[in-house]
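For the sequence shown, position 60 (counting from the first letter as 1) is numbered 59 according to numbering that gives the first Met the number 0, and the numbering increases by one without interruption.
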Amino acid sequence: MDIRRLEEFLTVLDTGSVSKAAERLGIAQPALSQSLARLERELGVRLFQRSRRGAEPTAAARQIAEDVRSGVSRIANALDAAQAIARGRAGVLRVGLVSSALIDILPRGLRALREHAPGVRVVLREMSNAEQAQALSRGEIDVALAHTPVALTGVMQEKVLMRERLVAAVPADLGPGREDRVSMAEIARAGLVMFPHSQLPTFYESVMDTFRKAGLDAEVVQEANRTLTVLACVAAGCGIALLPSWIRSLDFKGVRYCEVADGARLPRFDVSAIWPKRSVPGLADAFVRACETP
């Protein structure tokens, strides 16, 4: 049934006149009369009795009026919601993220998204790189904020959002007289606390290769798959971690942060947005745009 005919029925009911309803709707009176007649044929009941006073609703019309009004309102709301989703201004967006995205990228993206698309509900899941890659391939998340490079399946697009140099997270009681700098040789002697190879294989190998090329025999003495766990291991004196420079914003008891004096060749720590490539841009595309540095 055409929703337009139901809206015309309600307008005639509200105005009490076919001519007044036609004027309000901006259509010709004969066209409105024909539309009402078609609606009556579809329903199998008479809706209005014509009189000098106008259009009197029948008992059937009065009986169905509120249900029709409610239904029209719901359909209109559904259409508005569908159009908002199509414009990327409503819907549900599932975001996977690593801890590095929490400091700057995610707050910026959420703030911009709330301003421009307040109807979007965002579901956040903190996950490792490997977990995000699997979730993307299974369609369990719509966009990943992950360390790159990362092995992926499917046709994806990628946007680098953050590229940071590495600093050393050092046990607070190690070398108390040197608060600001540590050498790669000192790091090698203390041992490395690292994310697992399976989680960040390219980063892991790049760090170890940098030590080898510097003539240093560095050993990974402890692996941990979350940033706070890495810091806890450092605070416990397990070794030294190489982390992105944003880590300085976290005050973690038992840990101090140092520049790596001779670490110019160490790899950078990237965070990128990764999301499926679609023929028509959607919520994920809008969110990634919001996450980009203004």
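Cβ atoms here follow ideal geometry from the backbone N, Cα and C, with glycine treated the same way.
Item to check | Completely contained alpha helix (DSSP H) runs for the region 164-243, where each covers 4 or more residues | outcome: 183-189, 200-212, 226-234, all fully within the region 164-243.
Next on the checklist: I'd like the list of long-range same chain contacts for A260, defined as Cβ closer than 6 angstroms, with 5 residues on each side in sequence excluded.
Outcome noted: Only R180, S182 meet the Cβ criterion.
Next on the checklist: Using 8 angstroms for Cβ pairs, my map puts A231 next to P170. What's the rounded Cβ distance?
Outcome noted: Not a contact, Cβ separation roughly 11 angstroms.
Item to check | Beta-carbon proximity list for L5, same chain, < 6 angstroms, skipping 5 on both sides | outcome: If we look at L5 and ignore the five residues flanking it on each side, its Cβ neighbours are V67, V71.
Item to check | Beta-carbon gap between V322 and A272 smaller than 8 angstroms | outcome: Residue 322 lies beyond the stretch modelled for the chain, which goes from 0 to 293, so this question has no answer here.
Checklist entry - Taking Cβ positions, are R164 and R255 nearer each other than 8 angstroms? => result The answer is no: Cβ separation not under 8 angstroms.
Checklist entry - Would you report the Cα separation of G176 and I186, rounded to the nearest angstrom? => result Confidence is the limiting factor: at G176 the pLDDT is only 46, short of 50, which leaves the residue's position unreliable and the question unanswerable from this model.
Item to check | Contact under 8 angstroms by Cβ, G90 with L144 | outcome: Taking 8 angstroms as the cut-off, the beta carbon of G90 is found no closer than this to the beta carbon of L144.
Checklist entry - When we look at the beta-carbon of A223 and count the other beta-carbons within 10 Å, is it buried (16 or more) or exposed? => result Residue environment for A223: buried (at least 16 other C-beta atoms within 10 angstroms of its C-beta).
Checklist entry - Using the rule of at least 16 other Cβ atoms within 10 Å of the residue's Cβ for burial, across every protein chain shown, is V279 buried or exposed? => result So V279 ends up on the exposed side.
Checklist entry - Quick one: what does DSSP say G108 is sitting in, helix, strand or coil? => result Judged by DSSP in its simplified three-state form, G108 adopts helix.
Next on the checklist: Buried or exposed for L197, going by 16 or more other Cβ atoms inside 10 Å?
Outcome noted: For the sequence presented, residue 197 should be read as Ser rather than Leu. When all chains shown are included, S197 counts as exposed.
Item to check | Limits of the unbroken beta strand (DSSP E) element including L5 | outcome: Judged by DSSP secondary structure, L5 falls outside any beta strand (DSSP E) and instead within the alpha helix (DSSP H) spanning 2-14.
Checklist entry - Which first and last residues belong to the alpha helix (DSSP H) in which A30 is found? => result Residues 28-42.
Checklist entry - Cα-Cα, which of A283, L42, R51, M207 is closest to A60? => result Minimum Cα distance to A60 is reached at L42.
Checklist entry - Mapping DSSP to helix, strand and coil, what is A64? => result Here DSSP, grouped into helix, strand and coil, assigns A64 to helix.
Next on the checklist: If the criterion is Cβ atoms closer than 8 angstroms, does the pair G190 and G238 meet it?
Outcome noted: Yes, the pair counts as a contact, with Cβ atoms nearer than the cut-off.
Checklist entry - Can you list, in chain order, the residues of its chain whose CB lies under 8 angstroms from that of R120, leaving out five sequence neighbours each side? => result Take R120, set aside five residues on each side of it, and the residues of its chain with a beta-carbon closer than 8 angstroms to its own are G90, V91, L92, in chain order.
Item to check | Beta-carbon proximity check, V229 vs V192, cutoff 8 angstroms | outcome: Contact: yes.
Item to check | Expected contact under 8 angstroms - CB spacing of A132 and V270 to nearest Å | outcome: Contact doesn't hold; Cβ gap of about 14 angstroms is too wide.
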